[in-house]
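Trainee: Sending over a structure as structure tokens; questions will come in a sec.
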Amino acid sequence: MSKHANLRLTAKLLPIIAPFIAKNDIRYYLNAINVRPHKDGGAVICATNGHALGAIHDRDAVCEHEVILRFDARMQQACAGGLKSAREVVMIGGRLAVVEGGGSEIYIQAGNPEVEATYPRYERVIPKESELQPGLVGMYGAPIIALCEKAAAAAAKTGGARLRGYSGLQFFTVNGDPNASAVVRLGAALDFVGVLMPMRGDSPVSPSPAWVAALPQADDLAGMTKAAAPAESAEVPA
5 MSKHANLRLT AKLLPIIAPF IAKNDIRYYL NAINVRPHKD GGAVICATNG
55 HALGAIHDRD AVCEHEVILR FDARMQQACA GGLKSAREVV MIGGRLAVVE
105 GGGSEIYIQA GNPEVEATYP RYERVIPKES ELQPGLVGMY GAPIIALCEK
155 AAAAAAKTGG ARLRGYSGLQ FFTVNGDPNA SAVVRLGAAL DFVGVLMPMR
205 GDSPVSPSPA WVAALPQADD LAGMTKAAAP AESAEVPA
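Heads up: the sequence shown begins at 5 in the working numbering, then just goes up one per residue.
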């Protein structure tokens with residue numbers, strides 16, 4: 005009997021983490037999720053592709069031992085649900101499965117889901133709150149920001165009518181340093197935290213392009229607009 009036989013996760017939280025799972029990475033363990041017991045109960049579900057990390061505290065989880073789990077696309081689809089979703093992720097006969105609250109099976113993933121490896125420690129990556137300053141400073145890859153947007157959209161679906169469509173993101177940067185990591189929080193999932201790594205070695209970008217600096221002053225612009233206005237056409241005599 006597997007030591008993870010009693011594992012139980014809240015299914016609707018998994019799509020929030022899923023965007024951060026690596027895709028076909030040579031570091032095979034990053035193509036999976038990591039689940040670890042939390043000292044205050046429940047478990048922390050984590051995923052990282054090496055450039056961004058997402059972690060969420062599943063307060064209702066049952067997790068006795070740390071485990072790395074392969075989590076395929078159909079599992080992710082089966083986990084999706086709104087606020088009232090009672091679906092859970094469990095182990096059935098050594099396989100990962102999604103079940104309804106009553107126990108009926110929705111989807112069973114083929115093969116052994118367990119991955120034998122050492123997963124990166126999220127506590128080494130998540131910055132101390134005292135180091136964080138509001139705002140996103142520096143340059144970040146568009147795909148990384150897109151991961152955050154997907155996580156926020158998934159979180160909004162779990163929040164019920166009050167949070168439906170609320171995909172707000174709030175960013176913080178370590179000591180305001182453009183070369184340091186940033187943290188993202190989701191307004192619709194307060195137990196989630198994401199950590200983003202900035203792009204390195206790219207040329208700095210000025211706040212405005214050169215043509216903006218050449219724009220006329222507001223007063224001059226008003227005069228130009230007035231001068232450019234078409235003259236009123238004279239009435240044609242009958």
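Heads up, the beta-carbon is just placed ideally off N, CA and C, and yes, glycines get one too.
Keep in mind it's a predicted model, so treat the numbers as computed, not measured.
For G46, which residues from the same chain have a beta carbon less than 7 Å from its beta carbon, with the 5 sequence-adjacent residues on both sides left out?
Mentor: H61, D62, R63, D64, A65
Trainee: I believe M2 touches Y126 by the beta-carbon criterion, under 8 Å. Please report the beta-carbon distance rounded to the nearest angstrom.
Mentor: Nothing about residue 2 can be read from this structure; the chain reaches only from 5 to 242.
Trainee: Please report the Cβ distance between A155 and G54, rounded to the nearest whole angstrom; I am assuming they are in contact, meaning their Cβ atoms lie under 8 Å.
Mentor: About 17 Å; that fails the 8 Å criterion.
Trainee: For a test of the three-state rule: what should DSSP assign to Y126, helix, strand or coil?
Mentor: helix
Trainee: Going by C-alpha distance, which of Q81, V71, A90, R91 is nearest G98?
Mentor: Looking at the Cα atoms, V71 is the closest of the given residues.
Trainee: Do E133 and V178 have their beta-carbon atoms positioned less than 8 Å apart in this structure?
Mentor: no
Trainee: Give, in chain order, every unbroken run of the beta strand (DSSP E) that is at least 3 residues long and sits entirely within the segment 93-165.
Mentor: Segments of the beta strand (DSSP E) lying fully in the segment 93-165: 99-103, 109-112, 136-138.
Trainee: Hey, G139 and F175: beta-carbon distance below 8 Å or not?
Mentor: yes
Trainee: How long is the line joining the alpha carbons of K43 and C50, rounded to whole angstroms?
Mentor: 16 Å
Trainee: CA-CA distance, R91 and A15?
Mentor: Going from the Cα of R91 to the Cα of A15 covers about 5 Å.
Trainee: Counting only the same chain and skipping the five closest in sequence on each side, list residues whose C-beta sits under 7 Å from that of E109.
Mentor: Same-chain partners within the cutoff: A101, V103.
Trainee: Report all residues from its chain with a CB closer than 8 Å to the CB of S89; omit the five preceding and five following residues, and keep chain order.
Mentor: Beyond the five residues adjoining it in sequence on each side, S89 comes within less than 8 Å, by CB distance, of A15, K16, T162 in the same chain, given in chain order.
Trainee: Applying the 10 Å Cβ sphere with the 16-neighbour rule, what's the burial state of G172?
Mentor: exposed
Trainee: Hey, quick one: how far does the alpha helix (DSSP H) through R78 stretch, first residue to last?
Mentor: Counting along the chain, R78 sits inside the alpha helix (DSSP H) bounded by residues 77-83.
Trainee: From the DSSP output, in three-state form, read off I20 for me.
Mentor: helix
Trainee: Within the same chain, show all residues whose beta-carbon is closer than 6 Å to that of A26, passing over the 5 residues directly before and after it, in chain order.
Mentor: Same-chain partners within the cutoff: L34, N35, N53.
Trainee: What's the C-alpha gap between R74 and V48?
Mentor: 16 Å
Trainee: Are the beta-carbon atoms of A159 and A192 separated by less than 8 Å?
Mentor: yes
Trainee: Checking 8 Å against the spacing of the C-beta atoms, do V199 and I130 come in under that value?
Mentor: yes
Trainee: Give the DSSP bridge partners of V197, in chain order.
Mentor: A59
Trainee: Can you give me the start and stop residues for the beta strand (DSSP E) that V48 sits inside?
Mentor: 47-52
Trainee: Just how far apart, CA to CA, sit E68 and S212?
Mentor: 53 Å
Trainee: Spatial neighbours of A165 within its chain, please: C-beta separation below 6 Å, excluding the five flanking residues on both sides.
Mentor: Any reading at A165 needs caution, since the residue's pLDDT is 49, under 50, leaving its predicted position unreliable; the model's value is listed next. Hits under 6 Å: none found.
Trainee: Assign L13 to one of two classes, buried (16 or more other C-beta atoms within 10 Å of its C-beta) or exposed (fewer than that).
Mentor: Result: buried.
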